Amino acid sequence: MRIGFVGLGKMGAAMAQNLLRAGNELTVYNRSREKAEALAKEGAKTADSPAEVARASEAVFSMMPDDEAAEEITLGNAGIAAGLAKNAVHISSSTISIKESRHLEEEHEKRGSHLIAATVFGRPQAAESKQLVVVTAGRTEAVERCKPLLNAIGRRTFVVGEQPWQANLFKLFGNFMIATTLETFGEAFAGIRKAGADHHEFYEIMSELFGSPVYKNYGKIIADQEFEPAGFELKLGFKDVRLAMEAATEFNAPLPIANVLRDHFLSALAHGQEKLDWSSIGLVSARNSGLNT
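Its first residue numbered 548, the sequence shown is counted upward by one per residue in the working numbering.
Structure (structure tokens):
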């Protein structure tokens with residue numbers, strides 16, 4: 548299949564690589580051209596704009612960090628929407644607000660193309676090993692047409708509705724739940740360290756008890772304080788919690804724990820942690836307990 552990929556950060560580059568390895572004809576674009584050139588060495592074609600990628604593709608993936616970036620590469624000058632043919636598909640894997648997702652869908656429909664959301668759960672290592680969990684939503688025909696592509700980037704795909712924003716909602720609330728795990732690890736580790744006990748041993752017990760990749764991976768990162776290089780920057784984690792709160796407000800759904808997370812993310816940002824992994828929110832509880840971080 549002729550496909551495109553726009554946005555080749557840590558996640559996007561790994562996803563694009565797996566699409567290429569699955570035998571697809573791939574055209575890529577990234578604002579930092581060297582990232583596109585790296586994939587060109589493996590057989591991808593490079594383009595000078597998102598629109599050029601779209602003109603060469605039946606379906607185009609995008610992976611952008613926030614609403615503003617997603618809007619720009621989709622609807623800006625030489626954006627994806629300008630180059631897509633009628634009935635072609637834009638597969639947005641960006642973690643964006645449900646409001647932005649609805650807006651992008653409306654603009655695609657006006658142009659005769661389709662938007663589906665295909666949000667993903669997993670760190671860059673999971674993307675590299677094709678172990679992402681993919682959550683998708685959009686018009687049934689478009690989703691079915693793109694399922695082989697979604698299966699090429701992850702270990703399991705969930706279809707959660709016919710409107711793209713529904714997948715974005717699942718992603719935001721999923722990240723909210725992961726953020727609560729980071730917070731509870733930080734609080735528990737701080738208490739155990741303050742008592743003079745071994746928080747690494749506690750981590751091993753919890754990892755065994757819960758048996759989850761989230762507990763195993765993030766627990767170890769927080770216990771070892773290995774927050775660089777960031778798999779997912781703290782400033783983006785704060786953005787996702789904020790967007791989850793925004794979505795919950797629309798549906799009159801209280802998220803009391805989210806308020807604690809928001810304040811702790813703000814504290815982390817105030818301490819210059821924006822570029823660290825979002826699991827570094829655990830340092831806030833350590834500081835609050837009077838520990839040397």
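Yeah, the Cβ is synthetic: ideal placement off N, Cα and C, and Gly gets one too. As the structure is a computational prediction, the values presented were derived from the model and not from experiment.
Open item on the list: Out of ALA770, ALA560 and GLU652, which one is the CA nearest neighbour of ALA833?
Closed with: Sequence index remark: in the sequence shown, residue 833 carries index 286 (1-based). Measuring from the Cα of ALA833, the nearest candidate turns out to be ALA770.
Open item on the list: Quick check: the region 673 to 682 against the region 722 to 737, are at least 3 beta-carbon pairs closer than 8 Å?
Closed with: no
Open item on the list: Quick check: what's the CA-CA separation for LEU781 versus PHE812?
Closed with: On the sequence shown, residue 781 is found 234 positions in, with the first residue counted as 1. On the sequence shown, residue 812 is found 265 positions in, with the first residue counted as 1. Taking the straight line from one Cα to the other gives about 8 Å.
Task: Inter-residue Cα distance where the pair is SER609 and ALA737 - done: Looking up residue 609 in the sequence shown gives position 62. Looking up residue 737 in the sequence shown gives position 190. One C-alpha to the other measures close to 39 Å.
Open item on the list: List, from N- to C-terminal side, the beta strand (DSSP E) runs of 3 residues or more that fit wholly inside the region 656 to 700.
Closed with: 661 to 668 and 679 to 684
Open item on the list: At the level of alpha carbons, what is the spacing between THR593 and THR574?
Closed with: Stepping through the sequence shown from its first residue, residue 593 is reached at position 46. Stepping through the sequence shown from its first residue, residue 574 is reached at position 27. Whole-angstrom Cα-Cα distance: 6 Å.
Open item on the list: Less than 7 Å between C-beta atoms, sequence neighbours within five positions excluded: which residues of the same chain meet that for GLU647?
Closed with: As a position in the sequence shown, residue 647 is number 100, starting the count at 1. Cβ within range, chain order: ASP614, ALA617 and GLU618.
Open item on the list: Taking the alpha carbon of GLU751 as the reference point, which residue from LYS763, GLY630 and LEU719 has its own alpha carbon closest?
Closed with: Walking along the sequence shown from the start, residue 751 turns up at place 204. The residue with the shortest Cα to Cα distance from GLU751 is LYS763.
- [ ] Give the straight-line distance between the Cα atoms of ILE620 and PRO597, rounded to the nearest whole angstrom.
- [x] For this step, residue 620 is matched to residue 73 along the sequence shown. For this step, residue 597 is matched to residue 50 along the sequence shown. C-alpha separation (whole angstroms): 6 Å.
Open item on the list: By the DSSP assignment, the beta strand (DSSP E) with GLU572 in it spans what residues?
Closed with: Counting from 1 along the sequence shown, the entry for residue 572 is found at position 25. First-last of the beta strand (DSSP E) with GLU572: 572 to 576.
Task: Cβ separation of THR604 and ILE550, assumed to be a contact under 8 Å, to the nearest whole Å - done: Here residue 604 corresponds to residue number 57 of the sequence shown, with the count starting at 1. Here residue 550 corresponds to residue number 3 of the sequence shown, with the count starting at 1. Per the sequence presented here, residue 604 reads as Ser, with Thr not at that position. Right, their Cβ atoms sit about 5 Å apart.
TODO: Determine, using beta-carbon pairs with one atom in the region 647 to 667 and one in the region 680 to 695, whether at least three such pairs fall under 8 Å.
DONE: yes
Task: Member of GLY630, SER641 and GLU675 whose CA lies at the smallest distance from the CA of ALA699 - done: In the sequence shown, counting from the first residue as 1, residue 699 sits at position 152. Of the candidates GLY630, SER641 and GLU675, the one whose C-alpha sits nearest the C-alpha of ALA699 is GLU675.
Task: Buried or exposed by the 16-neighbour rule on C-beta atoms within 10 Å, applied to VAL807 - done: Residue numbering aside, residue 807 sits at position 260 when the sequence shown is read from its first letter. Label assigned to VAL807: exposed.
TODO: Give me the Cα-Cα distance between GLN564 and ARG649, rounded to the nearest whole angstrom.
DONE: As a working note, residue 564 is residue 17 in the sequence shown. As a working note, residue 649 is residue 102 in the sequence shown. Using only the alpha carbons, I get a separation of about 29 Å.
Task: Contact the region 651 to 659 vs the region 620 to 630: 3+ CB pairs below 8 Å - done: yes
TODO: Please determine if the region 710 to 721 and the region 813 to 828 are in contact, where contact requires at least 3 C-beta pairs separated by less than 8 Å.
DONE: no
- [ ] Report yes if the C-beta of GLU755 is less than 7 Å from at least one heavy atom of the ligand PLP; otherwise report no.
- [x] This structure lacks the ligand PLP; in fact it carries no ligand of any kind.
- [ ] State buried or exposed for ARG670, treating a residue as buried only when at least 16 other CB atoms are found within 10 Å of its CB.
- [x] Looking up residue 670 in the sequence shown gives position 123. Per the 10 Å Cβ criterion, buried.
TODO: Measuring alpha carbon to alpha carbon, tell me which of GLY559, ALA815, GLY766 and HIS637 ends up nearest ARG602.
DONE: Residue mapping note: residue 602 aligns to position 55 of the sequence shown, counting from 1. When each option's Cα is compared against that of ARG602, the closest is HIS637.
- [ ] Mind the definition here: the region 780 to 800 touches the region 738 to 750 only if three or more C-beta pairs lie below 8 Å; say whether that holds.
- [x] no
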